[in-house]
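Protein chains in written order, with my numbering: chain A, 1 to 365; chain B, 1001 to 1365.
There are 2 protein chains.
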Amino acid sequence: MTAVRPRRQAAEPSLHSAFAGRKVIITGGLGFIGSTLAHRLVGLGATVLVVDSLIPEYGGNLFNLRGIESRVTVNIADVRDVYSLRHLVRGQDYLFNLAGQTSHLDSMSDPYTDLEINCRAQLSILETCRKHNARVKIVYASTRQVYGVPDYLPVDERHLVRPVDVNGINKAAGEWYHIVYNNVYGIRACALRLTNTYGPRMRVRDARQTFLGWWIRQLIEGQPIQVYGDGAQRRDFAYVGDVVEACLIAATHEACNGRIFNVGGDSPVSLKDLARLLVDIYGRGSYRVVPFPPDRKAIDIGDYYADDRLFRTHFPWRHTTSLRQGLTKTLAYYEAYGPAYYWNGEEGSAGPRPHARRRLAASSR
Amino acid sequence: MTAVRPRRQAAEPSLHSAFAGRKVIITGGLGFIGSTLAHRLVGLGATVLVVDSLIPEYGGNLFNLRGIESRVTVNIADVRDVYSLRHLVRGQDYLFNLAGQTSHLDSMSDPYTDLEINCRAQLSILETCRKHNARVKIVYASTRQVYGVPDYLPVDERHLVRPVDVNGINKAAGEWYHIVYNNVYGIRACALRLTNTYGPRMRVRDARQTFLGWWIRQLIEGQPIQVYGDGAQRRDFAYVGDVVEACLIAATHEACNGRIFNVGGDSPVSLKDLARLLVDIYGRGSYRVVPFPPDRKAIDIGDYYADDRLFRTHFPWRHTTSLRQGLTKTLAYYEAYGPAYYWNGEEGSAGPRPHARRRLAASSR
C-alpha cells in the first residue's frame, strides 16, 4: 500500500493532517488488518507502534510488515499482559484495538482463553487508558458474528445481537466495554462490526479464521476448493483496503464516539459463485461442494450480509475495490509470497521474543 | 412460604410432580431470590442444595433459610471455585443459577471481579454441566439492566441489548453462554431477565443492589426516604413470590429451552408514587427528592418497565401479588427481622466456613 491513492483523494488531505506526526498503537498489528493499517498509517506519516503476541495460529506474521520494517516499531506483547500494555499505551494519540482470538471453533473448545483475550484484556486495555491515557481515541474491531443467525437481510445495526458461539458473545462484550468506557469515562471509542474481510496478508494457513484464505491456498496448491453445505449461502466480502479506510475514518470523526457501525462488503455473493470467480480469475483449478463438518455446522449462520449504510451515509467512506479486483490482488500476493511466508515454516517465527520495544530489522526473518 | 397456596392451584399439581423427590441446586441460594426459591422447593418436596459464597455485601444471609434449616443442605462455596462446583453439580436434576455480582457501581469500580463471577464462573458452570451432568436443566437469572436506556416502553425481548455498565455487559454474556450451550451442546437452559424484584429476604443493608431495600430500611429506622432525580422515573417491581414461580415454570417447560424471557412487574409506578405508597402502608415516615449522586447518574437508565407478555402468553404464569400487597408483606418482614438480621451485625456471618457440604443447624446464627 502506498501513501496516496488517487481514488482516496477526497479524504486524503484530512487523513494526512489527522495522522501525520501522530502516535498510533495497533494491537494485533502483525495480523492481517492490523498490518495493512500499519502500512497505510506509515504512508500517512504517523509514528506507528505495532503490538502483537505472535501466538501461533492467531495470524500475526512478521512478513506482513515487509517494506515498512524500518519505519514502524514492533513490540511483541500479549494484550493480556497488563504491565506491558500500560507502558505501551501511554502518550499514544490513537489506538486501533485489533488484537483478538478470532476462531469460532477455538472459542468452543477453549472458552476461557477466548474470554481472557476478548473480554478481560479489553477491560484491562480500557482501564489502562482511563488511568494513563484518557485522551486516546480507540477504534475497536468487532465482528458480524455478534448477530448470529440473521432474522432479516441485509443485517443493519438495529438487528438483535444473538451470538451462536462463545467468540461472538465475548466480542459483543468487548465492543460494549468500549462503548461504556466512552459514555461513562469519556475515553473516546467506537466499534466497527466487520464482515468477512479478505486481501493480501490474511491468514491462509488453514480454515481456522476464514474459509476464503484456505480456499486461496487450496487453489494455488492445485487442490479442489471445498465448499461446505450446498454452496448457496450468501455472504459479503470486504477488501482489506476498504476496511482500513473505515478504521481511519472512524478514528478521525468525533461523531463516531460511543457508536457501533457495520462495515460490510460491496454486495453479497453465494459461496459457489465465489469459488467459481476465484477459479475464473486464477485461470485454473476447481471446486466441489461437500457436506459441513459437524463442528462447523453447529455454529454456521447460513446467509449473511451486512447493511452498512449507517456508516456510509454519515461518513466519507465507500467500497472502492470490487470483489474481482480484490481477489485478483489477493491471488497475486499469495502466488508470490504464500508458499514461502504464509503456509510453510513456523508462523510468525522470528527467533526469541524480545523483552522490550525494538526496531524490527529487515533481516529478522 | 408454604407448599401450597390457593392462588397457585392450577399450576400446583404439575409443579409438585416436577419437583417432588428431585434434586435441585441453587447457586446464590442464601441470597434474596435463591433462598425464597429454596423455601418454595422444600414445600414442593424437592431435595435442595443451596450453594452460596457468603461474600460480604453480596446478599447471602443464613437467616434467609429460617424455618427450613433442617430441610436443605447448605454448601458454602464460590461459583468461581471450579472443583467444588464440579462435585456439587453432579446428579442434580435442576440448577437455578442465581449467583452473581449484582452491583452496577461495583462493576465499574472493580470490573475484573464482575467479569470473574458473571462471565468466567458462568462458563465454568456450563463446562462442568457439559462434562459431568449434561441432563441437568438450568434456569439463569439475568437482569433488565442488559437493555440499558430504553428506546421504547414497555421493553420487550425485541429491544436491543445495550448495557450502560460493565455489570449489564457481563450479565448479557452470561445469559448468552447459557443459550449457546443449550443450542450447541444440548445442555437445556433458559434465561429470565428480571426487573426490580422485591420482597422479604432482599438485601436492605444499603443501596448497593436496590434502592427499594434501602428505602425500606430508611423508613423503618425513621429516616426520610431519599428519592434520586425528580422522582418521576417510572419502574416496575416484581414481588419475589411471583419471580420464584416464573423460575419454576421456566424450569419445568421444555419450550423455554434456549430462550430468553422478560419477567417484569405488574404495572409501572413513579419513584415518588412508590415512596408515597410505602409511607402510606407503613403509616408513618416521609420522603424527599434529592439530586442524583454523580456515580449513580452516570449509569442511571431513566424510565424502565418491562413487557413480559411473551412469557405470560406461552406459559402458565401471571403476577399474583399487587405492589401494595407485596410492600405490606415486605415491611412487616423487615419490621420483625430487619434490625436483628439484615442491617446490624456482620452480614451472612456464621462462624468459620465449612470445607464440605453440611446440614445447617438451626442454631448456627
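Glycine included, every Cβ here is placed at the ideal spot set by N, Cα and C.
Report the neighbours of residue i on chain A: residues whose CB is nearer than 9 Å to its CB, in chain order.
i: B/Cys1129; result: Here the premise fails: no neighbours, minimum Cβ distance about 13 Å.
i: B/Ile1205; result: Correcting the residue type first, residue 1205 of chain B is Arg in the shown sequence and not Ile. Chain A residues near B/Arg1205: none, gap ~25 Å exceeds 9 Å.
Does residue i come out as helix, strand or coil in the three-state DSSP assignment?
i: B/Ala1141; result: strand
i: A/Ile25; result: strand
i: B/Gln1218; result: helix
i: B/Val1161; result: coil
i: B/Ala1306; result: strand
i: A/Asn182; result: helix
i: B/Ser1053; result: coil
i: A/Ala20; result: coil
i: B/Ser1014; result: helix
i: A/Phe315; result: coil
i: B/Ile1068; result: coil
i: A/Ser103; result: coil
i: A/Thr197; result: strand
i: A/Leu271; result: helix
i: A/Arg276; result: helix
i: A/Ile169; result: helix
Going by DSSP, what residue range makes up the alpha helix (DSSP H) through residue i?
i: A/Tyr83; result: 82 to 89
i: A/Leu123; result: 121 to 132
i: B/Cys1190; result: Element bounds for B/Cys1190: not the alpha helix (DSSP H) but the beta strand (DSSP E), 1189 to 1194.
i: A/Tyr333; result: 323 to 337
i: A/Ala250; result: 240 to 252
i: B/Thr1073; result: Here B/Thr1073 belongs to no alpha helix (DSSP H); instead the beta strand (DSSP E) covers 1072 to 1076.
i: A/Val42; result: 32 to 43
i: A/Leu95; result: No alpha helix (DSSP H) contains A/Leu95, which is instead part of the beta strand (DSSP E) from 94 to 97.
Which residues in chain B have a C-beta closer than 8 Å to the C-beta of residue i? List them in chain order.
i: A/Pro369; result: The first residue shown for chain A is 1 and the last is 365, placing residue 369 of chain A beyond what the model contains.
i: A/Leu123; result: Pro1111, Tyr1112, Leu1115, Val1166
i: A/Arg40; result: Neighbours of A/Arg40 on chain B: none; closest Cβ ~31 Å, over 8 Å.
I want to verify the contact list: residues of chain A whose CB lies under 7 Å from the CB of residue i, in sequence order.
i: B/Ile1169; result: Ala173, Trp176, Tyr177, Val180
i: B/Ala1298; result: Val184
i: B/Arg1022; result: Here the premise fails: no neighbours, minimum Cβ distance about 29 Å.
Sorted by chain position, which residues of the same chain lie with C-beta nearer than 8 Å to residue i's C-beta, five sequence neighbours on each side aside?
i: A/Pro293; result: Tyr228
i: B/Gly1379; result: Outside the modelled stretch of chain B, which goes from 1001 to 1365, sits residue 1379 of chain B, for which no answer is possible.
i: B/Leu1310; result: Asp1156, Glu1157, Phe1261, Asn1262
i: A/Arg358; result: Bear in mind that the predicted position of A/Arg358 carries a pLDDT of just 36, short of 50, making it unreliable; the figure below should be weighed with that in mind. The residues are Thr73, Val74, Asn75.
i: A/Asn238; result: Note on residue identity: the sequence assigns Ala, not Asn, to residue 238 of chain A. Contacts found: Leu194, Thr195, Asn196, Thr197, Tyr198, Val263, Gly264, Gly265, Asp266, His319.
i: A/Cys119; result: Asn170, Ala173, Gly174, Tyr177
Mind pulling the chain A residues with CB within less than 8 Å of residue i?
i: B/Asn1064; result: Simply none; closest approach about 31 Å.
i: B/Arg1158; result: Leu160
i: B/Cys1190; result: The premise fails here: B/Cys1190 is roughly 14 Å from chain A at the closest Cβ pair, so nothing lies under 8 Å.
For residue i, which residues in the same chain have their Cβ closer than 6 Å to its Cβ, ignoring the five residues on either side in sequence?
i: B/Val1136; result: Gln1092, Leu1095, Cys1129
i: B/Thr1102; result: Gln1209
i: A/Arg22; result: Ala46, Asp93
i: A/Ser53; result: Asp78
i: B/Gln1009; result: Residue placement at B/Gln1009 is flagged as unreliable, the pLDDT there being 43, under the threshold of 50; a coordinate-derived value is accordingly withheld.
i: B/Gly1034; result: Ile1026, Gly1028, Leu1098
i: A/Trp343; result: Arg205, Arg217
Who are the near neighbours of residue i in its chain, counting only those whose CB is closer than 7 Å to its CB and skipping five residues on each side?
i: B/Leu1041; result: Phe1019, Val1024, Val1048
i: A/Ala38; result: Ile26, Gly29, Val48, Val50, Leu65, Ile68, Val72
i: B/Leu1044; result: Ala1003, Leu1015, His1016, Phe1019, Ala1020
i: A/Pro354; result: Unreliable placement is indicated for A/Pro354, whose pLDDT of 35 sits below 50; the coordinate value is still reported in the next sentence. Correct list, in chain order: Ile76.
i: A/Ser84; result: Ala77
i: A/Gly148; result: Arg162, Pro163, Val164, Gly168, Ile301
i: B/Asn1183; result: Gly1258
How far does the beta strand (DSSP E) with residue i in it extend, from its first residue to its last?
i: A/Arg296; result: That residue, A/Arg296, is in no beta strand (DSSP E); its alpha helix (DSSP H) goes 294 to 297.
i: B/Leu1115; result: It is not in any beta strand (DSSP E) - B/Leu1115 instead sits in the alpha helix (DSSP H) that spans 1111 to 1115.
i: B/Val1227; result: 1225 to 1228
i: A/Tyr287; result: 287 to 290
i: B/Phe1063; result: Neither: B/Phe1063 is in no beta strand (DSSP E) and is coded neither H nor E.
i: A/Ser262; result: Sequence check: residue 262 of chain A is Asn here, not Ser. A/Asn262 -> beta strand (DSSP E) spans 260 to 263.
> Looking at chain D, which residues of the stretch 77 to 111 of chain A have a Cβ within less than 9 Å of any of its Cβ atoms?
Replying inline: Looking at the structure shown, chain D is missing, and the protein chains on hand are A and B.
(message) Would you call the stretch 1172 to 1184 of chain B in contact with the stretch 1213 to 1231 of chain B, where contact means no fewer than 3 C-beta pairs closer than 8 Å?
(response) no
For the 8 Å Cβ check, are there 3 or more pairs between the stretch 270 to 283 of chain A and the stretch 185 to 199 of chain A? no
Could you say if the stretch 247 to 264 of chain A and the stretch 310 to 328 of chain A meet the contact criterion of at least three C-beta pairs nearer than 8 Å?
-> yes
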